[in-house]
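Numbering (the working numbering), first residue to last: 11 to 846.
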């Protein structure tokens, strides 16, 4: 076979545009935020690949782009990545804020050499008399694409039209010299974006809002660039505008020059005019060899080379057009904590580390709250062997692994440039044999209402020792298993494919499901405002299954059971909803109220004088149990971040044939227990309760009048309880309230805090719930500055339904002293009902 000869100047990748059909799905852009499906349009040149969404009725990237009635985004840019890197970080770019239906999306056939384009058109007839066209064009050799918009008023009256572009979602954005830039959510991903309008010679600037007279047309172009840093993308936009440029080659090394520093960044603080401050700094990142290679507009620059744990180094350089400046910057040694976290067998262990500043040391900010490897003052590790660079100072270091393992706590003093190794052995103190920890509701970036990476979520899950976590992304059937396996966490976490079906009313989790590749929402159904229709749709989606689980998330219990129109008028709610679902969330992240005395809570927002009325869903749940609604309670984190709203806090335990996560079997084991309501809900205490001859929570129990409840509570070494309360038909029975103060002989100080059999005397049918808690405690040791810290240690379970008369359990109808709430109650109305 003859050798392939490529003539000088011939591109391997000529600019092209094509519609993605069956067999070409592998050519879709890839990366953290990639959202391409079959039927979309790919644009690419020798440097980049981009995706324009097709014209389809429900086309949307994810939940970030479909709020409101016009919440679809066909004909918009969804993905933009380097061809060789394939690390898309863009969710959506909408020229002029484009949303809603379009007339058509198609490839532009203009025959221009080394260029390709796709156009989106909204005709005047479908857009209030304003014709709108967006053209996305790639040219070989350019590190981005040109987006040309044409607006034409075809109506008979003047109209005001927005020209302001929209994109989302990024953790950090800024503007400099008329160019808007964005950094990746995790700066370590080393991907930046920027966009700015291209100015023709002599053309006036275009305002964010313009007036178009009848027949008037306006056309302009902007350049959207991708870079290996925000500075590179920003510079690419400046270059597309014709700004003369020079080239910087900056090597960043250790002080002796022997080793490169790849984790640093060059913060450019001033613009090309040394006498003027620019309107914002922008950062450049080095490659894996510590080298920043960057074209920049000609001029003089000032800034600093910075990396966590090192002293910053001031830099200055001048670039002339067409010239290359080579420079080396040497950084002093880093201050570093190295961690070696193992279990009792000496094996590496997923864990969470808090590095809490003490004394005069400033609080840490290791990175954005959305990532696992450095979020505020925490670091979540999948293996337990890692290092963290921090400024010199004094810190309290706390190492944990969820609520069953011991913790390690240590005070450290670090001098500048010092490296200290912390070895921690965490022992599994709580014996949860036969039970697995689970959370049925969490999110990562495919959901769209958050930008937490899927890998970050799963590392967070492993670090907090959750063993079974269904995949429940918003409006997308999705599977976490490939990411679990890539992270090496298959022995730590088990999942099943599922989703959260979301709209403006009740949200629903459903699993197991099957993802359908390369179609909208992974093959998910469409949400309906009537929760019964949504529930029934999910029950039968892709065929009915005996192991199908459907739950209502963060339910508005007043809406569901007494005020279906949320108009303040009692109407009975949605008849039959209880029978259509398997569970409802009573606990969601930081809520708690199972011991509340009324169905309302009066609160004030921070820095506000206004009093708000909130309903207490746990109280209404107890009311509904007394009306005969057997609602299985569910406790979840509903996590959207890692720090602040990460997993942990509320979770559940479920019986399991195996204690090994890799062998957990939802279909043939867990599903039966879940459908029976064998749940323990907890923020930390491991509560075990059996009734009579071994019945589990959620079971029906026969008793002739005295029912023994065997109650055991275990806590790890940073959690305690001091009260055990048994609820009888939702009421706090005084004779069944046990505290350390009143019954000190019942409580212990070791891992086992309470281990008693309590005889419960019953004269009639009743449902029973045991609540174990610490009255004034918190979870601060385990969660530090994160939101879960303010929760009390608390655990309770699905009720036992006790039949005393032998005729089957009958609910007593007790409303616990209050009517079931309706919506729109005022604080004064609530005070009156509460007698305040």
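Every residue gets a Cβ at the ideal spot worked out from N, C-alpha and C, and that includes glycine.
It should be emphasised that the depicted structure is a prediction, and the values quoted were computed from it without experimental measurement.
Mind checking residue 585: buried by the 16 CB within 10 Å criterion, or exposed?
Exposed, since its Cβ has fewer than 16 Cβ neighbours within 10 Å.
Exercise. Just how far apart, CA to CA, sit residue 104 and residue 764?
Worked result: Straight-line Cα distance between these residues: approximately 59 Å.
For residue 287, three-class secondary structure by DSSP: Reliability fails at residue 287, whose pLDDT of 43 lies under 50, so the model's placement of it is uncertain and no value is given.
#### Entry: Neighbourhood of residue 448 by C-beta, 6 Å cutoff - its chain only, sequence neighbours within 5 removed
These residues qualify, in order along the chain: 478, 662 and 664.
Practice prompt. Indicate the three-state DSSP secondary structure (helix, strand or coil) for residue 17 in the structure shown.
Written response: In this prediction, residue 17 has a pLDDT of 44, which is less than 50 and means its spatial position is unreliable; what the coordinates show is noted afterwards. Coil.
Quick one: is residue 330 buried, meaning 16 or more other Cβ sit within 10 Å of its Cβ, or exposed?
Per the 10 Å Cβ criterion, exposed.
* To do: Would you tell me roughly how many angstroms separate the C-alpha atoms of residue 395 and residue 432, rounded to the nearest one?
  => Their Cα atoms are separated by approximately 10 Å.
- Run the proximity test for residue 838: is its beta-carbon closer than 6 Å to any non-hydrogen atom belonging to the ligand GTP? Here there are no bound small molecules, and the ligand GTP is not part of this structure.
Fill in: Sufficient close CB pairs (3 or more, under 8 Å) joining the stretch 199-211 to the stretch 231-249
The stretch 199-211 and the stretch 231-249 touch, with no fewer than 3 CB-CB distances between them shorter than 8 Å.
Taking just the CA atoms, how far does residue 272 sit from residue 147? One Cα belongs to residue 147, the other to residue 272, and the distance between them is close to 34 Å.
Distance check for residue 326 and residue 654, CA to CA, integer angstroms please.
The straight-line gap from Cα to Cα measures roughly 38 Å.
Notebook entry, point to check: Where do the ends of the beta strand (DSSP E) carrying residue 275 lie?
Noted result: Counting along the chain, the beta strand (DSSP E) containing residue 275 begins and ends at 275-278.
Give the straight-line distance between the Cα atoms of residue 684 and residue 77, rounded to the nearest whole angstrom. Roughly 33 Å between the two C-alpha positions.
| said: Buried or exposed for residue 466, going by 16 or more other Cβ atoms inside 10 Å? | reply: Buried is the call here.
### Inter-residue Cα distance where the pair is residue 512 and residue 115
Taking the CA atoms as reference points, residue 512 sits about 28 Å from residue 115.
Assign residue 224 to buried or exposed, taking buried as 16 or more other Cβ atoms, counted over all protein chains shown, within 10 Å of its Cβ. Exposure of residue 224 is indicated by the presence of fewer than 16 other C-beta atoms within 10 angstroms of its C-beta.
**Request:** Take the Cβ of residue 284 as the centre, count every other Cβ of all protein chains shown within 10 Å, and call the residue buried at 16 or more, exposed below.
**Result:** The pLDDT assigned to residue 284 is 43, lower than 50, so where the model puts this residue is not dependable; a value taken from the coordinates is nonetheless given after this. When all chains shown are included, residue 284 counts as exposed.
field: Reduced DSSP secondary structure (H/G/I, E/B, other) of residue 114
entry: In this structure, residue 114 counts as strand in the three-state DSSP scheme.
**Message:** I'd like to check one pair, residue 38 with residue 530: are the Cβ atoms closer than 7 Å?
**Reply:** For residue 530 and residue 38, no; Cβs fall outside 7 Å.
Secondary structure at residue 722, three-state DSSP: helix, strand or coil?
If DSSP states are grouped into helix, strand and coil, residue 722 belongs with the strands.
**OP:** Drop a sphere of 10 angstroms on the beta-carbon of residue 311, count the other beta-carbons inside from all chains shown, and report buried for 16 or more, exposed for fewer.
**Re:** The residue is buried, with at least 16 neighbouring Cβ atoms inside 10 Å.
Problem - Cβ pair residue 723, residue 695 closer than 7 Å - result: Their beta carbons are under 7 Å apart, which means residue 723 touches residue 695 by this criterion.
Item to check | Whole-Å CB distance - residue 85 paired with residue 62, under 8 Å assumed | outcome: Contact flag correct, Cβ pair sits at about 7 Å.
Only counting the same chain, and skipping five residues up and downstream in sequence, which positions put a Cβ closer than 6 Å to that of residue 650? Counting only residues of its own chain and dropping the five nearest sequence neighbours on each side, residue 650 has a CB closer than 6 Å to the CB of 453 and 460.
| said: Below 8 Å, how does it come out for the stretch 156-163 and the stretch 183-194: are there three or more Cβ pairs, yes or no? | reply: No, the stretch 156-163 is not in contact with the stretch 183-194.
Contacting residues, own chain, Cβ-Cβ under 6 Å from residue 371 (five flanking each side not counted) = Around residue 371: 403 and 404.
Can you give me the Cβ contacts of residue 489 inside the same chain, cut-off strictly under 8 Å, excluding the 5 residues immediately before and after it? Excluding its 5 nearest sequence neighbours in each direction, residue 489 has C-beta neighbours in its own chain below 8 Å: 481, 505, 507 and 525, listed in chain order.
Q.
Would residue 262 and residue 334 be called neighbours here (beta carbons separated by less than 7 Å)?
A. Inclusion of residue 262 and residue 334 in the CB contact set at 7 Å is not warranted, their separation being larger than that value.
request  = Give the straight-line distance between the Cα atoms of residue 398 and residue 348, rounded to the nearest whole angstrom.
outcome  = Residue 398 and residue 348 have their C-alpha atoms some 6 Å from each other.
| request: Identify whether residue 293 lies in helix, strand or coil by the three-state DSSP scheme. | output: Residue state, collapsed to three classes: strand.
- Query: Which two residues bound the contiguous alpha helix (DSSP H) that contains residue 9?
  - Reply: Residue 9 falls outside the range modelled here, since the chain spans only 11 to 846, and no answer is possible.
Exercise. CA-CA distance, residue 386 and residue 790?
Worked result: If I take the Cα positions, the gap works out to 16 Å.
Original post:
When you compare each of 343, 46, 658 and 579 to residue 598 by their alpha carbons, which one comes out closest?
Top reply: Selected option, being the one with the closest Cα: 658.
Quick check: the stretch 717-737 against the stretch 802-815, are at least 3 beta-carbon pairs closer than 8 Å? Yes, they touch.
Unbroken alpha helix (DSSP H) run spanning residue 840, endpoints: Start and end: 837-844.
With 16 as the cutoff for other CB atoms within 10 Å, does residue 754 come out buried or exposed? Within 10 angstroms of the beta-carbon of residue 754 lie fewer than 16 other beta-carbons, which makes it exposed.
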